[in-house]
Amino acid sequence: MVEILLTAQPIDVPNCINEVMLPESGGIDVFIGTVRNATKGKNVLRLEFEAYQPMAVSEIEKIVVQAMAQWPLHRVVVHHRTGVLQVGEVAVVIAVSAAHRDAAFTACRYIIDTLKQTVPIWKKEVFEDGEVWVAAHP
Amino acid sequence: MVEILLTAQPIDVPNCINEVMLPESGGIDVFIGTVRNATKGKNVLRLEFEAYQPMAVSEIEKIVVQAMAQWPLHRVVVHHRTGVLQVGEVAVVIAVSAAHRDAAFTACRYIIDTLKQTVPIWKKEVFEDGEVWVAAHP
Amino acid sequence: MEVSILAFGIAKDIFSGPATSMVLSRGATVGELKAALELKYSRLGLLVSYMIAVNNEYAQDDLVISERDEIAIIPPVSGG
Amino acid sequence: MEVSILAFGIAKDIFSGPATSMVLSRGATVGELKAALELKYSRLGLLVSYMIAVNNEYAQDDLVISERDEIAIIPPVSGG
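Protein chains in written order, with my numbering: chain A, 621 to 758; chain B, 621 to 758; chain C, 3 to 82; chain D, 3 to 82.
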């Protein structure tokens with residue numbers, strides 16, 4: 621019903637989608653976060669994701685449990701990459717299925733928004749002239 | 621930048637997603653509508669979609685143009701099936717990419733909501749004991 | 003003038019086919035076409051609503067129809 | 003008692019490694035740990051904010067720490 625994965629391997633997006641498609645599901649929403657080639661006009665060479673693994677998984681679980689308590693969902697899959705990612709690579713996939721689209725859209729948005737606020741995963745952007753841990757400084 | 625397709629062939633979901641993923645895109649939202657196995661507690665055997673082809677494509681184009689005028693989107697792909705579909709098959713895919721997730725989510729939701737209101741495509745649900753054109757009668 | 007009206011979805015059932023034709027006075031409007039259709043096909047009145055499309059665009063009642071127009075009846079849509 | 007504190011993200015740079023250790027009085031709280039850390043590592047104060055996790059849960063300042071706890075410093079997260 622719920623599948624959460626932190627992985628150093630490339631994320632298999634079609635597989636994430638297949639996992640949530642059930643005969644009783646009519647609406648599926650999928651969010652895919654990829655590595656952008658620029659931040660505030662500066663070229664990004666690559667990203668590095670670091671996770672506090674057990675706590676990150678447990679915080680994602682909490683978010684998914686909260687989402688399933690609020691909306692009538694069928695299945696939820698959250699896969700998040702760790703390690704070094706090149707531009708264009710998939711950093712996160714959130715796939716949500718429900719009987720109707722409203723629950724799928726709303727829950728998918730809730731999960732990614734909350735994940736970005738509470739889950740102990742850190743992103744370092746590497747530029748031509750240096751690197752920075754995102755969100756650390758004002 | 622925009623790809624709209626009405627097709628009697630199965631929709632290739634991974635291909636729709638690949639079409640919208642650009643190096644400058646950080647957020648991609650994908651809606652997938654599938655054939656549910658039941659409506660209001662009645663078993664659905666299959667669906668039939670009929671489209672007024674040229675007008676359907678032109679109405680989808682209008683919706684996408686409106687979405688691109690309202691939100692900073694990179695690419696939009698809309699594929700919609702026609703003909704006979706079995707339970708579990710994909711009826712529609714809407715994939716939207718943008719630099720940030722807010723535009724992708726909001727535009728994807730706008731496109732599917734408006735498509736269901738204005739695009740001349742009709743769905744017939746076939747049950748064990750009959751069939752009905754959806755939304756035709758009060 | 004005689005115009006042909008394409009039918010989709012439940013309108014095909016109502017017209018017993020993918021199109022019907024109507025004889026209208028020259029300069030007739032979409033509103034007049036709808037009135038004539040409803041007279042001939044009383045089941046149209048049982049629909050939630052329906053629209054007329056002229057040359058692939060939704061048409062208002064005051065639009066004047068010509069014989070060369072592609073006209074279609076658009077019952078409530080249900081795609082997606 | 004001596005406790006070990008795991009570091010992630012920018013906290014690894016600040017601690018110059020993946021963990022640091024602090025000597026605290028028995029019965030010390032998370033708030034006391036934070037004060038001691040900020041005294042030892044002044045760059046912590048330059049962060050937007052940071053949290054302490056105890057046994058994989060975000061901890062409030064009044065939580066009492068024991069030597070067996072798994073303690074981690076959680077600088078502002080940026081996953082997704």
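Where is the CB? At the ideal position from N, CA and C, for every residue including glycine.
Chain-ordered, the chain A residues with CB closer than 8 angstroms to the CB of M641 of chain B read I652, T654, G708.
When A:E679, A:V697, A:E668, A:W691 are compared, the shortest CA-CA separation from E751 of chain A is found for A:E668. Comparing C-alpha distances from T738 of chain A to each of D:I73, D:A55, D:E72, D:I67 shows the shortest one belongs to D:A55. At a cut-off of 8 angstroms, the C-beta of E644 of chain B has a neighbouring C-beta in chain A.
Taking each of A:D632, A:P634, A:N638, A:W753 in turn and checking the Cα distance to G81 of chain D, the smallest one comes out for A:W753. In the structure shown, K660 of chain B adopts coil according to DSSP, grouped into three states. Close CB contacts of V746 of chain B within its chain, under the 6 angstroms cut and outside five residues either way in sequence, are with L665, R666 (chain order).
By the neighbour-count criterion, in which 16 or more other beta carbons inside 10 Å mark a residue as buried, M675 of chain A falls on the buried side. Less than 8 angstroms separates the beta-carbon of I631 of chain B from that of V710 of chain B.
Taking 8 angstroms as the cut-off, the Cβ atoms of I7 of chain C and T22 of chain C count as close. For I741 of chain A, there are no neighbours in chain B by C-beta distance under 7 angstroms, as the nearest C-beta there is about 16 angstroms away. For L26 of chain C, the secondary structure class from DSSP, reduced to helix, strand or coil, is coil. About 11 angstroms separates the beta carbons of M24 of chain C and E69 of chain C, which is beyond the 8 angstroms limit, so they are not a contact pair.
Under DSSP, the beta-bridge partners assigned to H699 of chain B are B:L625, B:V713. Per DSSP, S44 of chain D is not a residue of any beta strand (DSSP E), being assigned neither H nor E. The beta carbon of L693 of chain B lies closer than 8 angstroms to those of A687, V716, S717, A718, A723, A724, A727 in the same chain, with the five residues before and after it left out. Taking a Cβ-Cβ cut-off of 7 angstroms, V704 of chain B has no neighbours in chain A, whose nearest Cβ is about 17 angstroms from it. In the DSSP annotation of this structure, E751 of chain A is not part of any alpha helix (DSSP H); the continuous beta strand (DSSP E) holding it starts and ends at 750 to 753. At the C-beta level, P634 of chain B and V633 of chain A come within 8 angstroms of one another. Taking C-beta atoms under 8 angstroms as the contact rule, V698 of chain B and I731 of chain B qualify, at a distance of about 7 angstroms. Taking a beta-carbon distance threshold of 8 angstroms, I631 of chain A does not count as an interface residue toward chain B.
Taking I637 of chain B as reference, the option from B:I714, B:R701, B:E670 with the minimal CA-CA separation is B:I714. Secondary structure remark: continuous alpha helix (DSSP H) runs of at least 4 residues inside the region 630 to 659 of chain B, in chain order: 633 to 640.
In the DSSP annotation of this structure, A55 of chain D is not part of any alpha helix (DSSP H); the continuous beta strand (DSSP E) holding it starts and ends at 53 to 56. For F725 of chain A, no Cβ of chain D is located within less than 8 angstroms of the residue's own Cβ.
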